[in-house]
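As numbered in the UniProt record's numbering, residues 1 to 346 make up the sequence shown, in order. Backbone N, C-alpha and C fix where the C-beta goes; we use that ideal spot for every residue, glycine too.
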Amino acid sequence: MNPQANLIFITSLLLGTTITISSNHWIMAWTGLEINTLAILPLISKSHHPRAIEAATKYFLTQAAASALVLFSSMTNAWHTGQWDITQLTHPTSCLILTSAIAMKLGLVPFHFWFPEVLQGSPLTTGLILSTAMKLPPMTLLYMTSSSLNPTLLTILAILSAALGGWMGLNQTQIRKILAFSSISHLGWMAIILIYNPKLTLLNFYLYAVMTTAVFLTLNTTKVLKLSTLLTAWTKAPSLSTMLLLTLLSLAGLPPLTGFLPKWLIIQELTKQDMAPAATLISLLSLLSLFFYLRLAYCTTITLPPHTTNHMKQWRTNKPTSTAIAILTTVSVMLLPASPMILTIV
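This is the structure in structure tokens:
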């Protein structure tokens, strides 16, 4: 893609995100979401592969429908209450429509079908933007309206997302699809705590974004897209593969690593809110996604592929690991001891 065009699209993404995050009026928030959608479409379809065009079309249709629902929800609320302020969303029907619209924007179950397909059709760098930056504006809108939303509906969406995100990722061999289902299951954890402690939702989102960015950048460096390629990637950059192993285990939420922090705090908060059954259920459902993270981790560090088909061993690269990957993997693995400090900030 032309560098000038690329710059325009990235700047538009930043502009759209900033407009939505900083707006108080529903129309401005909607405008920011629309700018974001239009700016990401050329980045999805830039390879001109039929799968990329299909992904861009699916993304456009779902996001357009979700934006229309956001507008419909805010207009219904304005009609009944005379308020266009985002924090003044008080009409029950508007809250219901908005929850559906944001769930569609984020890819929460049952509006998740587009997300794995779009991620699979996108390049890794665009997949990274879709999994992290594009989820920030909808998360902000959820954060600002959290006091008005229906707790039962959000809990049901969250548990279904954690279940289907783990279950549907079990038989995947394409890494981008696995990461899409991983994203859906993480969104379940964010949604379940949104009503009770919105700051924990944001903390979970930030840590998820850091860990996912580390994984995507590492895969982009080693040029790995599916599990069979990952089996032989260790020869290319052994130290990077080791850090990828730890980052994947951190995404799974295993105790000594950063990913355990949000899960621990969310379970603690749910128990305080007398929601121990929901906490138990979502913890058990996270074991499903733990399985495919462990499979990814196993493929990352295996030095002898378990089957007899001939594989080309890759040459070890002499390129130094980028500073961004080094910082992100360190944060993804070693932030748990700093949790008291993080909690004082949050």
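Cα separation between residue i and residue j?
i      : j      : result
Arg176 : Asp85  : 38 angstroms
Leu89  : Ile193 : 19 angstroms
Thr258 : Ala52  : 34 angstroms
Met144 : Ala297 : 37 angstroms
Thr126 : Thr201 : 24 angstroms
Ala56  : Thr300 : 30 angstroms
Ala4   : Asn197 : A small fix is needed here, since residue 4 is Gln in this sequence, not Ala. For Gln4 and Asn197, the distance between alpha carbons rounds to 42 angstroms.
Asn77  : Phe115 : 29 angstroms
Ile97  : Gly16  : 22 angstroms
Asn24  : Thr18  : 12 angstroms
Leu270 : Ile345 : 21 angstroms
Around the Cβ of residue i, are there at least 16 other Cβ atoms within 10 angstroms (buried) or fewer (exposed)?
i      : result
Gln268 : exposed
Met168 : buried
Pro255 : exposed
Tyr337 : The residue asked about is misnamed: residue 337 is Pro in this sequence, not Tyr. With fewer than 16 other Cβ atoms within 10 Å, it is exposed.
Pro333 : For the sequence presented, residue 333 should be read as Val rather than Pro. By the neighbour-count rule (16 or more Cβ atoms within 10 Å), Val333 is buried.
Pro138 : buried
Asn2   : exposed
Val118 : buried
Leu249 : buried
Pro262 : buried
Look up residue i in the DSSP assignment and give the residues it is bridged to.
i      : result
Lys226 : Gln174
His25  : Asp85
Would you call the CB atoms of residue i and residue j closer than 8 angstroms?
i           : j      : result
Ser100      : Leu69  : yes
Leu136      : Ala191 : no
Leu160      : Pro110 : yes
Phe9        : Ala39  : yes
Ser241      : Ala252 : no
Gly121      : Ile44  : yes
His186      : Tyr206 : no
residue 424 : Cys95  : This structure cannot settle anything about residue 424, because the visible part of the chain is limited to 1 through 346.
Ile178      : Phe291 : no
Lys236      : Thr317 : yes
Phe181      : Gln172 : yes
In chain order, each alpha helix (DSSP H) run of at least 4 residues that lies wholly inside the region 136-214
136-145, 151-167, 175-193
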